[in-house]
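A short worksheet on the structure shown next.
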Amino acid sequence: MPPIRLLSPRLANQIAAGEVVERPASVVKELVENALDAGANRVDVEVEQGGVKLIRVRDDGSGIEEDDLPLALSRHATSKIASLDDLEAVASLGFRGEALASISSVSRLTLTSRTESQEAASRVEVEGREMDARISPAAHPVGTTVEVRDLFFNTPARRKFLRTEKTEFNHVEECVRRQALSRFDAGFTLRHNQRVVQSLRPAESALDRERRIGSLCGQQFIDNAVVIDAEATGLRLWGWVALPTFSRSQADLQYFFVNGRVIRDRLVAHAVRQAYRDVLYNNRHPAFVLYLEVDPATVDVNVHPTKHEVRFRDGRLVHDFIFRTLHKALADVRPDDHFRGAVAQSFGREAVTQGQEAVPATDASAEAGWNGQPSVSSYGYPGSSGAGFGGQSQPQQEWRASDQMAFYQSLNAGGGSDGQQAMPVSDRAATPMPTPPADSDQEPPLGYAIAQLHGIYILAQGRAGLIVVDMHAAHERITYERMKRALAEQDLKSQPLLVPLSLAVSQKEAALTESHGEELQKLGLQIERIGPETLAVRQVPALLRGADTEQLVRDVLADLIEHGQSDRVEAVTHELLGTMACHGSVRANRQLTIPEMNSLLRDMEATERSGQCNHGRPTWTLVTMSELDKLFLRGR
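Taking UniProt numbering, the leading residue of the sequence shown gets 1, the next gets one more, and so forth.
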């Protein structure tokens, strides 16, 4: 075996560069973070040939003293931490002291800087081969400029792994986008091959922040986003989450920041995915820009050299806080929020701002029909009495005819798609057509029903245009939310198995059932360890007695190992309730009267997550007047 040797500083730096400097975007990330740590209000990034030929980052921060310039390019030299206590509560973006040394070992680096106390600036130059710092005077304003030329010129093998110029620049642009999203108080400029790609001024006001978000993430995102801001137990979560209807085919619009640092964390991803669970269609992905503020001492950022991963001291608390905040924000979304997003895309955000007070979801409009009388529905899942689509008790009205009651009862009884009508057509035609109120300010978000199309869609007239509602999908969501509320008011009942189910598991999983026995009991599962690697399942939730018990238990144990908790039973239970709601909802080819349609619209406005059915499909859409005008070439 060869003798043990001490690595040369150059080779050690190149090994570190293999972890830190993956591509030009990695260099841009480290240099921009250094600029922000220096208190820069302006950061200019210029690249050529995707960053392979040149990367120049200039800032107006505090600068570096002349005597510290050679030390700044040394490995493990930093001004951001000095002791273990500093490391355990890192508040800056950088702290390792490896970035500049690693970058200079695989490129030709020039650093020019001046502090406010200096009369002239100084420049230090380093080439990867020699690693000898050369200092000379220079002209430069207060701040720092770092030039990185010929990246990987001395490591041809690494250079072969780089992609095309366009691909590498896309990574650089994404890096600058993340930094611009993390610091609204700083301005950013990005140039590629002498062409300005991004020019962002500091965003201090809320409107300026929304403009920056719209510029970086797309105006459609900000038009379809819900603003959240919540605090609890020393945690604060704020930012923008997109409506479920603005889902993406890829997870390419997901930005999460912890104390200003962009991260990718499985715990966070699981909490977000759980919050969006029953409102996303198939394998769609949510879009969000979220900021979590925590005590730096409760989060460990010294997990990975790229600092993209963190570890929370109390991961379960953070997970629950993120999930509950997003879950509540999505539950509070009403058609009015979707409505404003659709109007914003057609008329611009000014129209939405001016129209926010013109489309109130008032209690009076939610409970009243066209003629100001309460809705006539006694529609709901079996067991509800005198309640409308939204489950609110409605007083009896003189104009509620017995044949209408029979019609509702036939629907509640699970009437199929046979097209049978409980109300005679002649009686329905004789029902007087109510007139909309003259005051448009009292118009509810989903407007008023005017017709039914092929027994499937409800056509409603709103201030902005035509609203088309899938009546089965809408009633499915209403029924589903009702059933979830009813289940939440009761304890989850367990049912003993006639013959206990024996499972062979690992020792880790078997030990987990003993340490989480009470938690499993709350989920309706009674599991005993009867051997080193054997479990006996004695009770399961009564609602899930027909499910695959073995797979359910294994999934729950896998969740406990991965996340420290499991919502698998709740997910399967809700899936069952969703199926029941689907079969118990009004079917296609059912002819509804105008009051019945309006009752459904009002209940949609009062129901959580009514924009999507249980399977994530949209329940309604808006065709604006401008879109209709384009179809008929009006105004041309």
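For glycine and all other residues, C-beta sits at the position ideal for the given N, C-alpha and C.
Item to check | Separation of Ile222 from Gln250, as counted between CA atoms | outcome: If you number the sequence shown from 1, residue 250 lands on position 250. If you number the sequence shown from 1, residue 222 lands on position 222. Rounded to whole angstroms, Gln250 to Ile222 spans 18 Å at the Cα level.
Checklist entry - In or out: Glu596 buried (at least 16 other Cβ within 10 Å) or exposed? => result Reading the sequence shown from its first residue, position 596 is the one you call residue 596. Glu596 should be labelled buried.
Checklist entry - Skipping 5 residues on each side, what residues in its chain have a beta carbon closer than 8 Å to that of Leu11? => result Mapped onto the sequence shown, residue 11 falls at position 11. Cβ within range, chain order: n/a, list empty.
Item to check | Ala139 versus Leu622: straight-line alpha-carbon distance, rounded | outcome: Along the sequence shown, one-based indexing puts residue 139 at 139. Along the sequence shown, one-based indexing puts residue 622 at 622. When rounded, the distance between both Cα atoms is 60 Å.
Item to check | Beta-carbon contacts of Met580 that lie in its chain and below 7 Å, excluding the five residues immediately before and after | outcome: Taking the first residue of the sequence shown as 1, we reach residue 580 at position 580. Counting only Cβ-Cβ distances below 7 Å, and skipping sequence neighbours, we find Met483.
Checklist entry - What does Ala504 pair with, by DSSP beta-bridge criteria? => result Here the question's residue 504 lines up with position 504 in the sequence shown. DSSP lists Thr534 as partners of Ala504.
Checklist entry - Taking C-alpha atoms, which residue in His192, Ala511, Glu518 lies nearest to Gly531? => result Looking up residue 531 in the sequence shown gives position 531. Comparing Cα-Cα distances from Gly531 to each of His192, Ala511, Glu518, the minimum goes to Ala511.
Checklist entry - Do three or more CB pairs link the segment 500 to 514 to the segment 470 to 483 at distances below 8 Å? => result no
Checklist entry - Are three or more beta carbon pairs between the segment 261 to 271 and the segment 238 to 245 nearer than 8 Å? => result no
Checklist entry - Can you tell me whether DSSP reads Asp567 as helix, strand or coil? => result As a position in the sequence shown, residue 567 is number 567, starting the count at 1. Note: Asp567 maps to coil in three-state DSSP.
Checklist entry - What are the residues that DSSP puts in a beta bridge with Thr112? => result For the purposes of this step, residue 112 is taken as residue 112 along the sequence shown, with counting starting at 1. Per DSSP, Arg123, Thr145.
Next on the checklist: Restricting to Cα atoms, I'd like to know which of Glu46, Ser8, Val172, Leu73 is closest to Glu22.
Outcome noted: Position 22 of the sequence shown, counting from 1, holds the residue named residue 22. Minimum Cα distance to Glu22 is reached at Val172.
Checklist entry - Roughly how many angstroms separate the alpha carbons of Val294 and Val318, rounded to a whole number? => result Along the sequence shown, one-based indexing puts residue 294 at 294. Along the sequence shown, one-based indexing puts residue 318 at 318. Computed Cα separation, rounded: 9 Å.
Checklist entry - Quick one: what does DSSP say Leu151 is sitting in, helix, strand or coil? => result Here the question's residue 151 lines up with position 151 in the sequence shown. Leu151: coil per DSSP, three-state reduction.
Checklist entry - Between Gly61 and the rest of its own chain, which residues show a CB-CB distance below 7 Å, the 5 nearest in sequence each way excluded? => result On the sequence shown, position 61 is the one that residue 61 refers to. So the qualifying residues of the chain are Ala35, Ala38, Gly39, Ala40, Gly143, Thr144.
Checklist entry - Quick one: is Ala121 buried, meaning 16 or more other Cβ sit within 10 Å of its Cβ, or exposed? => result Locating residue 121 in the sequence shown gives position 121, where the first residue counts as 1. By the neighbour-count rule (16 or more Cβ atoms within 10 Å), Ala121 is buried.
Item to check | Beta-carbon contacts of Ala17 that lie in its chain and below 6 Å, excluding the five residues immediately before and after | outcome: Taking the sequence shown and counting its residues from 1, one reaches residue 17 at position 17. Taken in chain order, the residues that qualify are Ser102, Ser105, Val106.
Item to check | Contact belief for Leu216 with Leu181 at Cβ below 8 Å, rounded distance in angstroms | outcome: By one-based count along the sequence shown, residue 216 stands at place 216. By one-based count along the sequence shown, residue 181 stands at place 181. With a Cβ gap of about 6 Å, Leu216 and Leu181 count as contacting.
Checklist entry - What is the DSSP secondary structure of Ser417, reduced to helix, strand or coil? => result If you number the sequence shown from 1, residue 417 lands on position 417. With a pLDDT of 37 at Ser417, under the threshold of 50, the predicted position of this residue should be treated as unreliable, though the coordinate-derived value follows. Coil at Ser417, not helix or strand.
Item to check | Cβ-based burial, His574 [other Cβ within 10 Å; buried from 16] | outcome: Residue mapping note: residue 574 aligns to position 574 of the sequence shown, counting from 1. Under this definition His574 is a buried residue.
Next on the checklist: Classify His475: buried if its beta carbon has 16 or more other beta carbons within 10 angstroms, exposed otherwise.
Outcome noted: Sequence index remark: in the sequence shown, residue 475 carries index 475 (1-based). Answer is buried; the Cβ neighbour count reaches 16.
Checklist entry - Closest to Gly611 by CA distance: which of Leu84, Leu446, Ala133 is it? => result Within the sequence shown, numbered from 1, the residue matching residue 611 stands at position 611. Selected option, being the one with the closest Cα: Leu446.
Next on the checklist: Does residue 643 come out as helix, strand or coil in the three-state DSSP assignment?
Outcome noted: Limits of the chain in this structure are 1 at one end and 636 at the other, which puts residue 643 out of reach.
Item to check | Residue interval of the alpha helix (DSSP H) (run including Gly465) | outcome: The residue given as residue 465 occupies position 465 in the sequence shown. First-last for Gly465: 465 to 470, but that is the beta strand (DSSP E), not the alpha helix (DSSP H).
Checklist entry - Under a three-way DSSP split, which group does Met1 fall into? => result Here residue 1 corresponds to residue number 1 of the sequence shown, with the count starting at 1. Three-state result, Met1: coil.
Item to check | Beta-bridge partners of His327, as assigned by DSSP | outcome: One-based indexing of the sequence shown puts residue 327 at position 327. Beta-bridge pairing links His327 to no other residue.
Checklist entry - Among residues of its own chain, excluding the 5 on either side of Gly564, which ones have a beta-carbon nearer than 6 Å to its beta-carbon? => result Here residue 564 refers to the residue found at position 564 of the sequence shown. Closer than 6 Å at the Cβ level, and outside the excluded window around Gly564, lie Arg316.
Checklist entry - Alpha carbon to alpha carbon, how far is Arg284 from Pro335? => result Here residue 284 corresponds to residue number 284 of the sequence shown, with the count starting at 1. Here residue 335 corresponds to residue number 335 of the sequence shown, with the count starting at 1. About 21 Å.
Next on the checklist: Taking only three categories from DSSP, how would you classify Ile81?
Outcome noted: By 1-based counting over the sequence shown, the position of residue 81 is 81. Reduced to three states, the DSSP call for Ile81 is coil.
Checklist entry - Excluding five sequence neighbours on each side, which residues of the same chain lie with their C-beta closer than 6 Å to the C-beta of Lys29? => result If you number the sequence shown from 1, residue 29 lands on position 29. Same-chain partners within the cutoff: Cys175.
Item to check | Residue nearest to Val45 in terms of C-alpha spacing, selected from Val146, Val20, Arg554 | outcome: The residue given as residue 45 occupies position 45 in the sequence shown. Closest by alpha carbon: Val146.
Checklist entry - Whose C-alpha, out of Ala536, Glu168, Leu487, Ile213, is nearest the C-alpha of Gly517? => result As a working mapping, residue 517 is identified with position 517 in the sequence shown. Residue Ala536 is the option with its Cα nearest to Gly517.
Checklist entry - In three-state terms, what does DSSP make of residue 638? => result The structure shown has nothing for residue 638, since the chain only spans 1 to 636.
Next on the checklist: Is there a Cβ of chain C sitting closer than 8 Å to that of Glu309, yes or no?
Outcome noted: Protein chains in the displayed structure number just one, and chain C is not present.
Checklist entry - Going by beta carbon distance, what residues of the same chain come within less than 6 Å of Glu481, once the five residues before and after it are set aside? => result By one-based count along the sequence shown, residue 481 stands at place 481. Cβ within range, chain order: Thr607, Glu608.
Item to check | Same chain only: Cβ atoms within 6 Å of Leu190, ignoring 5 sequence neighbours per side | outcome: Position 190 of the sequence shown, counted from the first residue, corresponds to residue 190. Excluding residues within five positions, the ones whose Cβ falls inside 6 Å are Val45, Val176, Val197, Gln198.
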